[in-house]
Structure formats: structure tokens, C-alpha cells
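This report concerns only the one structure given below.
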Amino acid sequence: MKNMKAIAMGLSLCLTGSILLSGCSAKAGDELVRIDDGKDSISYGYGNFVAHYNQAMYDLMFAGYYGTSQDYWSQKGNDGKTYEDSTKAQVLESMEEQYLCKKHAKEYQVTLTDADQKKIDEAAKKFLADNSKQAKEQMGATEEYVKTMLAYETYLTRVKNKIKAAAKVEVTEEETAQSTVSYVKFSTAPKTDEKTGQQSELTDTEKKAQKKAADNVAAASDFEKAVKEEKGSLQTESFTASADASESQSLPADVVKAAQDLSDGQISKVIEVKGDGYYVVRMDAVHDAKATKNKEKEIKDQKQEDAYRKVVDGWKKKLTWKVDRKLWKQVNFKDRFAAKENAGADKK
Numbered sequence: 001m002k003n004m005k006a007i008a009m010g011l012s013l014c015l016t017g018s019i020l021l022s023g024c025s026a027k028a029g030d031e032l033v034r035i036d037d038g039k040d041s042i043s044y045g046y047g048n049f050v051a052h053y054n055q056a057m058y059d060l061m062f063a064g065y066y067g068t069s070q071d072y073w074s075q076k077g078n079d080g081k082t083y084e085d086s087t088k089a090q091v092l093e094s095m096e097e098q099y100l101c102k103k104h105a106k107e108y109q110v111t112l113t114d115a116d117q118k119k120i121d122e123a124a125k126k127f128l129a130d131n132s133k134q135a136k137e138q139m140g141a142t143e144e145y146v147k148t149m150l151a152y153e154t155y156l157t158r159v160k161n162k163i164k165a166a167a168k169v170e171v172t173e174e175e176t177a178q179s180t181v182s183y184v185k186f187s188t189a190p191k192t193d194e195k196t197g198q199q200s201e202l203t204d205t206e207k208k209a210q211k212k213a214a215d216n217v218a219a220a221s222d223f224e225k226a227v228k229e230e231k232g233s234l235q236t237e238s239f240t241a242s243a244d245a246s247e248s249q250s251l252p253a254d255v256v257k258a259a260q261d262l263s264d265g266q267i268s269k270v271i272e273v274k275g276d277g278y279y280v281v282r283m284d285a286v287h288d289a290k291a292t293k294n295k296e297k298e299i300k301d302q303k304q305e306d307a308y309r310k311v312v313d314g315w316k317k318k319l320t321w322k323v324d325r326k327l328w329k330q331v332n333f334k335d336r337f338a339a340k341e342n343a344g345a346d347k348k
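In this note's numbering, the protein residues as written are 1 to 348.
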């Protein structure tokens, strides 16, 4: 029960800033989600807890990047939504997925045993004991809510594993066969001044020097030694041997195309990518067994995940899931959570 361990041990929290209980006009028992026209429901109290639990996990992670003073939740992502709104949307999706997995658990012979329930009970008690009173109030944490979330997570994990294991997926050699190269790039891209941040184009003299360095590496018998002598940075990349050259995520298409013509140990001529740099590539393995095995696992996992998603999407189409948006709007991340500095700390 991996998730149980995380909730039991991963959160020892206090609040930063003033204490403002989110959505104070809403009641814990209010209906947040009406399911199948009232046949079932999810309460505001539970949804509020799950949202703030997720917020707390992100707060602990973001603190290392932004500190505790920056208002990152109001910042907008590439989709134009604030991080708060995006996270809350993910919480709703997650709750729906968990609900569906529990609802269909018997179809996959998934149940919670007495031993499972005992672990859930112990994890919930530890979680409540580990967190400050203020943090639990802001999170809306109760023993019932913690147990419910852990049970949902367990159902989801087990049902998902059953669906993925039963999925009939085919992974072909053409999809997985990997080639691995080592390469060096001598950049001709604009350089950035570290002090001012201003960019400037390389001079013709600088570009010629980069071309000369690339020529020396391409002509050398000892590739790695030559890269070091020219003060280059040696990189390694694996790519699908039969794939279109443009599919590589790290290397330009022209570089991959040139690499595909090489045999094991062969070094390419200098490959110029305008506005980027001069590349020299060595083919380490046309057929890299280890990289191929890793790629096979990656593709298989993705296809199994796709199969699981297809099942869940089918369930969603048959489910009526209506969220009370006015209630949900009252859940906000104005106050943030932080790790306790010591066992007796309640507040920073």
C-alpha cells in the first residue's frame, strides 16, 4: 500500500500566514458532487479535504523552488488557468476516477480485506497524529475522510493494475529497436551575457572556430579524446532505429538522419544545423539491446495505460457526475502548508 505509507509519513505540516478557513460558509455535509441523479454523492467536506491534501503536497514541493512567500498558486500556466484552478480540476478528475474504480471493483475481484482495513486505520491515525491542529483544521482532515481517501486510492491502484494486466497489447520490434549514439555540438546559436541577460550573435571568427573544432573531432581516431581536447561536451542519445528522423526529442532531424547511415563505431562528418551548431556523431550501437529493452517496457506500459484509460472513459460516459461549482469555488489555497521544523511547531 504505497499511498498509505506516503500519507502516513510524508506530511507533518504547519500553516504559513494567517489562519483563514477556506469556504467558511459551506458545511461539510453539503453535497459537492451529485452522482447518477442523486443515487450517490460526495460531500463538500471530503472534496475540500482532498483538495487541500493535494495542495499541501504541492506546497512542500514548491517551497524548495519558490520559498514560502511567493504566491505561485495565482500564477497562470500555458493553458491560461491558474495553478490553483488546474490543481482543483485535477482533484475532481481524480475523485471521479477513484469513485469509478471502486464502483467497478467487484468486476475485477478487487476487495479490501480486514488486513487492508487495519493498515488504513493505522495510517489514518498516524497522519492525524503527525499534523498540527491548525493544519488539520485548514485541510478539513478527519479520520473518516483520511480513511475514505486511502480506501479509494487502494481500489484505484488495484483495479488499474488488473485492467492493465489483462490488456492485450502488442509491441513490435519496429517500435522498440533502439540505436544509441554519442555526439558533440559546437554551438553557433546566439550567446547570452550572464550579467545582463542580453543575447548577441557569434562573430564570423567565433563561428569559424566552432567549425574548426568540429572538423578536428570528425577527423580524429579517438572520438572522446578529441571532444575533450576541443572542450566539447559529450552527450549520449538513443532513438528508434526505424523511426522518422524528426521523431527524436533531443537531436535535430538532420543529425539523426546522418546517424542512421552509420555503422557501429563509425564517426560522422560534420553536420551543420543552421542557427544551432556543428554536430559530430559516433554510432555506439545500431542495435542497442539495453536501450531496446527499456523502450519496449516504456511502450508496453503506455499501451497498457491507454487500455486502462479507454475503460475508464467508457465508465465515465455512463456516469452522471454533477459538481456544485458555487460550493467548489469556496475551496481556495490562500493559506499554505509547510513542513514542521520540529515536533512542537504549529506555525512558522
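The C-beta atom is built at its ideal place from N, Cα and C for all residues, glycine as well.
Within the same chain, and ignoring the five residues on either side of M139 in sequence, the residues whose Cβ sits closer than 7 Å to its Cβ are F49, H52, Y53 and A56.
By the neighbour-count criterion, in which 16 or more other beta carbons inside 10 Å mark a residue as buried, Q178 falls on the buried side. Residue nearest to H104 within the set E296, E175 and K162 is K162 (criterion: CA-CA distance).
Under the three-state reduction of DSSP, L202 is assigned to coil, being neither helix nor strand. Here A220 carries a coil assignment [DSSP, helix/strand/coil]. Distance between A219 and E175, taken at the CA atoms: about 34 Å. A residue is called buried once 16 or more other Cβ atoms fall within 10 Å of its Cβ, and A289, having fewer, is exposed. A straight line joining the alpha-carbon of Y308 with that of R34 spans about 25 Å. G277 has S187 and V273 as its beta-bridge partners, per DSSP. Less than 8 Å separates the beta-carbon of V281 from that of Y183. Under the three-state reduction of DSSP output, L234 falls in the coil class, being neither helix nor strand. Take the alpha-carbon of K76 and the one of S86: they are about 9 Å apart.
DSSP places E137 within a helical segment (H, G or I) once states are collapsed to three. A contact between stretches requires three or more CB pairs, one per stretch, nearer than 8 Å, and the region 145-157 fails this requirement with the region 254-268.
Per the coordinates, the alpha-carbon of Q302 lies some 10 Å from the alpha-carbon of E296. Under the three-pair Cβ rule at 8 Å, the region 230-243 counts as touching the region 208-222. Minimum Cα-Cα distance from W328 among the listed residues T320, I267, A124 and G47 corresponds to G47. Using a C-beta cut-off of 8 Å, the region 123-133 makes no contact with the region 85-101, since fewer than three inter-stretch Cβ pairs fall below that distance. Within the model, the alpha-carbon separation for Y72 versus N332 is close to 13 Å. Under the DSSP definition of a beta bridge, K322 partners with R34. By the Cβ neighbour-count rule, E97 is buried, with 16 or more other Cβ atoms within 10 Å of its own. Per DSSP, the beta bridge partners of K76 are T82. Ranking Y279, D114 and K191 by CA distance to the CA of K211 puts Y279 first.
Comparing alpha carbon positions, the residue from T188, A213 and F239 closest to N294 is F239. In this structure, D254 and I271 form a Cβ contact; the two beta carbons are roughly 6 Å apart against a cut-off of 8 Å. Between the C-alpha atoms of L32 and V323 there is a straight-line separation of about 6 Å. As computed with DSSP, M283 is found in a beta bridge with V181. DSSP, reduced to helix, strand and coil, places A338 within a strand of the structure shown. Cβ neighbours of G275 within its own chain (closer than 8 Å, five residues either side excluded): T188 and A189.
For F49, the secondary structure class from DSSP, reduced to helix, strand or coil, is helix. Per the C-alpha coordinates, the member of S242, P252, G277 and E144 positioned closest to H287 is S242.
Taking W315 as reference, the option from E206, Y99, A338 and A165 with the minimal CA-CA separation is Y99. Counted as a single uninterrupted DSSP element, the alpha helix (DSSP H) harbouring I120 occupies residues D114 to D130. Here the C-alpha atom of Q198 lies approximately 58 Å from the C-alpha atom of D121.
Cβ atoms of A339 and L60 come within 8 Å of each other, at about 6 Å. Under the three-state reduction of DSSP output, D71 falls in the coil class, being neither helix nor strand.
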